[in-house]
Amino acid sequence: MRTAVSLLAAALLALAGCERARQDMYDQPRGKPDRESSLFPDGKLSRMPPAGAVPHAHGPVALSSSGRRGADETREQALADAAPAMPYPITPALLRRGQDRYGIYCMPCHSPVGDGDGRVVERGFPAPPTYHEDRLRHAPDRHIYDVISQGFGAMRPYGDRLAPSDRWAIVAFVRALQLSQHAPVDDLPDDVRQRARRQLDTGDRHGP
Numbered sequence: 142m143r144t145a146v147s148l149l150a151a152a153l154l155a156l157a158g159c160e161r162a163r164q165d166m167y168d169q170p171r172g173k174p175d176r177e178s179s180l181f182p183d184g185k186l187s188r189m190p191p192a193g194a195v196p197h198a199h200g201p202v203a204l205s206s207s208g209r210r211g212a213d214e215t216r217e218q219a220l221a222d223a224a225p226a227m228p229y230p231i232t233p234a235l236l237r238r239g240q241d242r243y244g245i246y247c248m249p250c251h252s253p254v255g256d257g258d259g260r261v262v263e264r265g266f267p268a269p270p271t272y273h274e275d276r277l278r279h280a281p282d283r284h285i286y287d288v289i290s291q292g293f294g295a296m297r298p299y300g301d302r303l304a305p306s307d308r309w310a311i312v313a314f315v316r317a318l319q320l321s322q323h324a325p326v327d328d329l330p331d332d333v334r335q336r337a338r339r340q341l342d343t344g345d346r347h348g349p
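Position 142 (the sequence shown) corresponds to 283 in my numbering; numbering is contiguous.
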């Protein structure tokens, strides 16, 4: 009995030592600006940047604070955020950017084709509406932009994660998704239109 008690006491002491060691990893000694330090010959902890280094701030607030760096970017983002409709020309570059951002932020719920049957929905999350219903096909671009920015229903807002220009790029890509499922046959190129008509005639909607 006495041996068991001794072993238990030794184990508790060992655990306490492990806990102290773990905490020491969080509370490591660290230097603070303008303090002394023996690490450098001049005895100062703060170091001057290398010769020729150019300071550069990060984030929209930092970029706009000086009025010298980032003013153009900040102005462009403000105009994009206030635009009543798509403020950019629809180019392949804009669609690629929208596809990239859509794949990161939207596709898990909305699915690759925008029908609201994404992987998250397969695991029990409430399904968002399909982009291909008439209500959203005819909704203004600004409505989709505002939903991305502010959220809607179970969807969280993404205004804190996506710059205004990226939100508009997603809007452009959503319109491309809608067109991909509802393009009028007569508006397609001749070879695509003929292939589509053959598929409709044979009942093969998945293509070759």
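Quick reminder that beta carbons are idealized off the backbone N, C-alpha and C, glycines included.
Note to self: Give me the residue from D241, E177 and K173 with the minimum Cα distance to V312.
What the structure shows: Closest by alpha carbon: D241.
Margin query: Using CA atoms only, rank isn't needed, just tell me which of P249, A268, H251 and F314 is closest to P233.
Written below: Taking P233 as reference, the option from P249, A268, H251 and F314 with the minimal CA-CA separation is F314.
Note to self: Please report the straight-line C-alpha distance between D168 and D307, rounded to a whole angstrom.
What the structure shows: In a straight line, the C-alpha of D168 is about 40 Å away from that of D307.
Notebook entry, point to check: Is R346 helix, strand or coil when you go by DSSP?
Noted result: Here R346 scores only 48 on pLDDT, less than 50, and its place in the model should not be relied on; the value that follows carries that caveat. Here R346 sits in coil by DSSP.
Checklist line | Short Cβ contact (9 Å threshold) for V262 with C247 | finding: Not a contact, by the Cβ cut-off of 9 Å.
Next item on the list: Pull up the CB-CB distance for H273 and Q319, whole angstroms please, since I reckon it's below 8 Å.
Entry: Cβ-Cβ separation between H273 and Q319: approximately 6 Å, consistent with a contact (criterion under 8 Å).
Check: Got a sec? Which residues, its chain only, sit under 8 Å from F104 by beta carbon, not counting five neighbours each side?
Finding: Because residue 104 is not part of the residues shown, which for the chain are 142 to 349, the question remains open.
Checklist line | Bounding residues of the alpha helix (DSSP H) (the contiguous stretch that carries C250) | finding: That run of the alpha helix (DSSP H) goes M248 to H251.
Check: Is I289 closer than 9 Å to L303 when the C-beta atoms are compared?
Finding: The Cβ atoms of L303 and I289 sit closer than 9 Å to each other.
Item checked: E217 versus S321 - alpha carbon distance -> Answer to the nearest angstrom: the Cα atoms are 30 Å apart.
Notebook entry, point to check: Among Y243, A317 and M227, which residue has its Cα nearest to the Cα of P281?
Noted result: The shortest C-alpha separation from P281 is found at M227.
Next item on the list: Return the CA-CA distance between F360 and T271, expressed in angstroms with no decimal places.
Entry: It is not possible to answer for residue 360, since the shown part of the chain is limited to 142 through 349.
Checklist line | P230 to R334 span [Cα, whole Å] | finding: For P230 and R334, the distance between alpha carbons rounds to 26 Å.
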